[in-house]
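This report refers to the structure that appears directly beneath it.
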Amino acid sequence: MIAFIEGPAWYAALTIFVVFSLWRLGWVLLMGGDKHKSPARASAAAGAIRNIFVDLAPRGAFLKRGKVWFVALAGYAFHLGLFAVLLFAAPHVDFIEQKLLGFGWTPMPYWGFIVTAEIAFAGLLLLWIRRFVDPVTRLISRLDDHLAAGLTFIVMLTGCLALGQQSVFLRGLHMGFVELWLVYFPFSSLFHTFTWPLSRGYSGALFGRRGIRA
Amino acid sequence: MNNTKSAAVSNFDKQGDLPDAERHASAMQAFISEFGSRAASYMESCVRCGLCAEACHFYLTTGDEKYTPIHKIRPFEQAYLRHAGPFAPLYRFLGLTPPVNLEELERWEELIYDSCTLCGRCTLACPMGIDIAELVKEARHGMYSAGLVPDRLAHIVRNAEVKHSPFGEPADFRRTVRKIAKQHKVKIPLDAKRADLLLTTAPGDLEDNPQSVAAAARILNRLGISWTFSSDAFEATNFGYLSGNMELQKELTCRLIDKAREIGADTILLPECGHAYGAARWEAAQWYGGPTGVRILHMIEFLADRIESGAIELKKAKGSATFHDPCQLIRRGGLERAPRVILEALGFDLRELEDHGITAFCCGGGGGVLANARAEPLRLKAFELKKSQVEATKAEHFFTSCGQCRLQFTRGAQHFKWKKPIESLLEAVDAHMTAKR
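Protein chains in written order, with the working numbering: chain D, 14 to 227; chain R, 4 to 440.
So this is what it looks like as structure tokens:
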């Protein structure tokens with residue numbers, strides 16, 4: 014079973030992830046845009062770059078709102094924690110070296126993993142709970158948002174359980190959920206991982222063209 | 004669209020006699036035609052965090068979650084997922100998103116027209132940078148096609164279509180301009196065959212603030228500019244832009260540009276109007292079908308430029324002032340610096356509002372909301388927010404540079420018996436101008 018999960022199932026999940034992600038991204042990019050634009054006051058490209066790479070913290074005017082602080086802190090905690098665990102947890106570095114790239118890097122220490130994972134868990138759970146308790150997010154959330162949060166939570170949880178690598182079952186369980194997550198990813202709101210630079214880029218280009226110091 | 008009738012009970016209006024199926028089909032066709040890479044990127048990026056609500060004056064002042072900006076475009080989003088998105092067949096086959104129906108569009112009319120001023124503050128709060136104001140504007144195209152527009156707004160659009168302008172016909176304009184010229188003792192060139200600059204105006208100025216028209220004329224005369232009004236192309240406001248009537252938007256845009264080119268004007272000068280700037284400065288080329296060959300300037304941009312070049316010299320005023328940043332000029336238009344240049348030149352002690360510049364709150368009347376009679380309770384809520392910020396500055400003068408904002412504040416002040424006069428930057432420059440060049 015573990016051979017199947019780490020072999021054909023892994024490659025099948027990866028293929029679905031890559032093919033449908035490219036399909037979704039390609040579809041969006043090839044939909045076309047405005048042909049005629051009024052004269053720009055300043056650089057659209059500079060505005061896009063600034064909106065994607067620089068203006069990533071909430072603007073001061075919005076920080077008067079507690080919910081903005083909450084979402085910003087929980088959001089950054091979750092995303093930074095998740096990426097740190099994904100790229101620097103010792104089993105992940107081994108996996109990347111053996112299965113994907115052929116080379117690795119220095120992993121984070123065990124205590125670092127524990128702290129980082131706790132930060133990521135806290136962020137994810139706080140954001141997910143908010144979907145149920147805040148009237149605004151309760152109104153606008155879809156089933157997809159809950160599935161995406163739930164699957165990510167399970168992947169992280171099984172990952173923690175499998176951290177010691179002493180149990181083949183736990184490793185297989187984690188890999189199985191990772192594959193499920195990869196299959197779900199291109200069809201879900203998880204895909205914002207790839208589309209946020211486009212979205213922020215388009216808005217930034219508008220700010221840039223119009224000379225808005227956003 | 005000339006057979007306007009109100010639907011009783013529910014908070015929506017319907018125009019025309021289109022059968023329901025045709026209404027629905029028109030809306031869907033218009034929705035789907037709007038989706039390009041930009042709109043699709045926005046649709047594909049939302050994570051439903053709800054932070055847009057924290058920026059919206061209508062949500063903040065009512066606490067009603069239905070005013071969450073991203074919620075306002077829900078039918079538009081459904082149309083995307085089912086008919087234009089990368090997995091549209093899958094969404095339809097598995098029923099992952101319900102089809103948009105006419106009842107839903109009727110319910111959403113209030114959210115799309117009454118509770119969005121297209122101010123774009125939510126865009127700045129969105130972690131994904133989704134330009135919800137732009138999406139609401141695009142959704143209005145579908146709503147207009149379906150004949151689902153607030154009656155009062157539809158009536159104004161109809162006037163713009165058949166009478167040339169919501170203000171009236173060219174003859175009405177000529178009569179009014181002559182009257183303003185006589186009353187204010189100012190020379191107003193009208194229908195000159197050749198001029199370097201075409202001045203435009205707005206119904207609000209002609210009806211409620213004619214001194215503003217006179218002020219613009221006096222300033223241009225003192226500067227010695229060759230300019231004219233045109234009774235064929237005087238209307239700067241674009242109710243096509245606000246209502247979602249794309250044909251009208253195009254017609255009104257092209258009318259100004261064609262007239263400017265006809266008389267050899269290299270500049271179209273827009274009055275103190277916010278959305279006129281958005282429609283003409285930033286969307287004209289799209290509707291004109293390419294470069295217009297004409298420079299389009301807003302009044303405050305023009306005045307700030309002339310002040311900085313030294314062409315306009317001003318007597319110093321006394322006292323303190325605060326300024327309301329009109330959304331379409333500042334947050335959506337990039338003119339944040341211009342009013343501050345003018346206020347500094349006037350010598351006022353500028354006391355900024357708690358929220359100013361690109362994150363200023365909207366007046367609550369933009370985006371066609373002021374023209375929408377049934378939206379008054381919401382408008383007044385937004386007015387209270389602004390009123391409290393103005394009062395907190397304790398400034399003696401309260402300026403703005405948009406006719407719609409000014410009207411919204413004037414009406415709000417009347418309702419709440421607020422004694423603060425709402426002043427225009429243009430009129431202040433006229434009153435303090437000394438140079439005669």
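The C-beta atom is built at its ideal place from N, Cα and C for all residues, glycine as well.
For residue i, collect the residues of the same chain with a Cβ closer than 8 angstroms to its Cβ; drop the 5 residues on either side in sequence, then sort them by chain order.
i	result
D:C173	A130
R:C365	H60, T120, C122, R124, C330 and A385
R:V12	Confidence at R:V12 is low in this model, with a pLDDT of 43, below 50, so its placement is unreliable and the value that follows should be read with caution. For R:V12, where only same-chain residues beyond five positions count, there are no Cβ hits under 8 angstroms.
D:E178	Before going on, a small fix: residue 178 of chain D reads as Gln here, not Glu. Taken in chain order, the residues that qualify are P104 and R184.
What did DSSP end up calling residue i once you bin it into helix, strand or coil?
i	result
R:V12	With a pLDDT of only 43 at R:V12, under the threshold of 50, the placement of this residue in the model should not be trusted, and no figure is reported.
R:D199	coil
R:S427	strand
R:F326	strand
R:R167	Inspection of the sequence shows that residue 167 of chain R is occupied by His rather than by Arg. If DSSP states are grouped into helix, strand and coil, R:H167 belongs with coil.
D:G60	helix
R:M4	Note that R:M4 has pLDDT 38, beneath the 50 cutoff, so the model's placement of it is unreliable and no number is given.
R:T65	helix
R:A311	Inspection of the sequence shows that residue 311 of chain R is occupied by Glu rather than by Ala. It is helical.
R:E238	strand
D:M3	Residue 3 of chain D lies beyond the residue range present for chain D, which begins at 14 and ends at 227; the question has no answer from this structure.
R:Q331	coil
R:L356	coil
R:T100	coil
D:L195	helix
R:Q81	helix
R:T204	strand
Just to confirm my understanding: we take residue i, look at its own chain, exclude 5 residues before and 5 after, and list those with CB closer than 7 angstroms. What are they?
i	result
R:R85	A91, Y94, R95, T100 and P102
D:E110	F116 and G117
D:F65	Inspection of the sequence shows that residue 65 of chain D is occupied by Ile rather than by Phe. Answer for D:I65: P210, R213, G214 and G217, listed in chain order.
R:A205	A239, T240, P274, C276, A279 and G406
D:L27	L195
R:T7	At R:T7 the pLDDT is 39, less than 50, meaning the model places this residue with poor confidence; the figure from the coordinates comes in the next sentence. For R:T7, where only same-chain residues beyond five positions count, the Cβ hits under 7 angstroms are Q18, D154, A157 and H158.
R:M249	H144 and G243
Going by beta carbon distance, what residues of the same chain come within less than 6 angstroms of residue i, once the five residues before and after it are set aside?
i	result
R:D352	S323
R:T231	P192, A195 and A198
R:R467	Nothing in the structure corresponds to residue 467 of chain R, since chain R is present only between 4 and 440.
R:R51	none
D:R144	T150 and S154
R:R309	I315
R:K253	W290
R:S168	E238
Between which two residues does the beta strand (DSSP E) containing residue i stretch?
i	result
R:V228	For the sequence presented, residue 228 of chain R should be read as Ile rather than Val. Premise fails: R:I228 is in no beta strand (DSSP E) and is neither H nor E.
R:T396	Here R:T396 belongs to no beta strand (DSSP E); instead the alpha helix (DSSP H) covers E379 to T396.
R:R298	R298 to H301
R:F402	H400 to T403
R:I271	T270 to L273
Output, in chain order, the set of chain R residues within a Cβ distance shorter than 8 angstroms of residue i.
i	result
D:W40	A43, G88 and P89
D:R37	E47, P89 and F90
D:V81	L54, E57 and A128
Since residue i meets chain D, which of its residues come closer than 7 angstroms, beta carbon to beta carbon?
i	result
R:D358	A74
Starting from residue i, find everything on chain D with Cβ-Cβ shorter than 8 angstroms and list it in chain order.
i	result
R:T71	V149, L152 and I153
R:R284	S51
R:I76	Chain D residues near R:I76: none, gap ~11 angstroms exceeds 8 angstroms.
R:T362	R72, G73, A74 and F75
Who are the neighbours of residue i on chain D, taking C-beta pairs under 9 angstroms?
i	result
R:E394	Near R:E394 there are no residues of chain D at all, since even the closest Cβ is about 18 angstroms away, more than 9 angstroms.
R:D328	Neighbours of R:D328 on chain D: none; closest Cβ ~12 angstroms, over 9 angstroms.
Would you mind reading off the limits of the alpha helix (DSSP H) that contains residue i?
i	result
R:G53	Segment: none, R:G53 is in no alpha helix (DSSP H) and carries neither H nor E.
R:Q417	G406 to F419
D:K80	G79 to F101
D:W118	Segment: none, D:W118 is in no alpha helix (DSSP H) and carries neither H nor E.
R:S44	S40 to M46
R:C257	M249 to E265
R:P173	P173 to H187
R:H278	G277 to Y291
R:E109	L105 to E112
R:Q32	D23 to S36
Name the chain R residues that come within less than 7 angstroms of residue i, Cβ to Cβ?
i	result
D:W209	S48 and M131
D:G12	The requested residue 12 of chain D is not part of the displayed model; chain D covers only 14 to 227.
Run the proximity test for residue i: is its beta-carbon closer than 8 angstroms to any non-hydrogen atom belonging to the ligand GTP?
i	result
R:V393	The ligand GTP is absent from the structure shown, which contains no ligand whatsoever.
ask   = Would the stretch 156-172 of chain D and the stretch 109-126 of chain D be scored as touching if the rule is three or more Cβ pairs under 8 angstroms?
value = Touching, no.
query = For the stretch 124-142 of chain R against the stretch 33-48 of chain R, are there 3 or more C-beta pairs whose distance is under 8 angstroms?
reply = Contact between the stretch 124-142 of chain R and the stretch 33-48 of chain R is present, because at least three Cβ pairs lie under 8 angstroms.
task = Say whether the stretch 72-82 of chain R touches the stretch 397-411 of chain R, bearing in mind that this needs 3 or more beta-carbon pairs closer than 8 angstroms, one atom from each stretch.
result = With a cut-off of 8 angstroms, the stretch 397-411 of chain R and the stretch 72-82 of chain R do not count as touching, because too few Cβ pairs lie within range.
The stretch 152-166 of chain R / the stretch 23-36 of chain R touching (three or more Cβ pairs under 8 angstroms) = By the Cβ rule, the stretch 152-166 of chain R does not count as touching the stretch 23-36 of chain R, because fewer than three pairs are nearer than 8 angstroms.
request  = Evaluate the contact criterion for the stretch 13-27 of chain R versus the stretch 68-86 of chain D: three or more CB pairs, one atom per stretch, below 8 angstroms.
outcome  = Proximity of the stretch 13-27 of chain R to the stretch 68-86 of chain D falls short of the contact definition, fewer than three beta-carbon pairs being nearer than 8 angstroms.
request  = Count the C-beta pairs between the stretch 371-380 of chain R and the stretch 343-352 of chain R that are closer than 8 angstroms, then say yes if the count reaches three, no if not.
outcome  = Contact between the stretch 371-380 of chain R and the stretch 343-352 of chain R is absent, with fewer than three C-beta pairs closer than 8 angstroms.
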